[in-house]
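Here's the structure we're looking at; comments come further down.
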Amino acid sequence: MSQSRKGSITEAMTNTAIGFGINYTANLLIFPLFGMHISLSNNLLMGLIYTGISIARSYVLRRVFNGFTARKA
1 MSQSRKGSIT EAMTNTAIGF GINYTANLLI FPLFGMHISL SNNLLMGLIY
51 TGISIARSYV LRRVFNGFTA RKA
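Here the UniProt record's numbering is used: position 61 in the sequence shown is 61, and no number is missing along the way.
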């Protein structure tokens, strides 16, 4: 069963949004343990950059694997 492009991007964005919340909270708790003190705005900016990268990665991988599945069927 193949997944539409819209389904792929929706899944990638949902997965990444959940990961963003987990990562943002983890950064607030973990960075100070290593002596790194980053402002909330810089933490948010870093998270947004990594979120964009993660959405693109998830979408591309989903489409690649969807292509493999469609060819085998």
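We treat Cβ as the ideally placed atom computed from N, Cα and C, and that holds for glycine. Small disclaimer: the values here were computed from a predicted structure and weren't measured.
Check: Hey, would you say Y24 sits closer than 8 angstroms to N43, going by beta carbons?; Outcome: yes
Check: Mind checking whether A17 and Y59 have CB atoms under 8 angstroms apart?; Outcome: no
Check: Using a threshold of 8 angstroms, state whether the C-beta atoms of R62 and S8 are closer than that.; Outcome: yes
Check: Please report the distance separating the alpha-carbon of L29 from that of T10.; Outcome: 29 angstroms
Check: For I38, name the three-state secondary structure that DSSP assigns.; Outcome: coil
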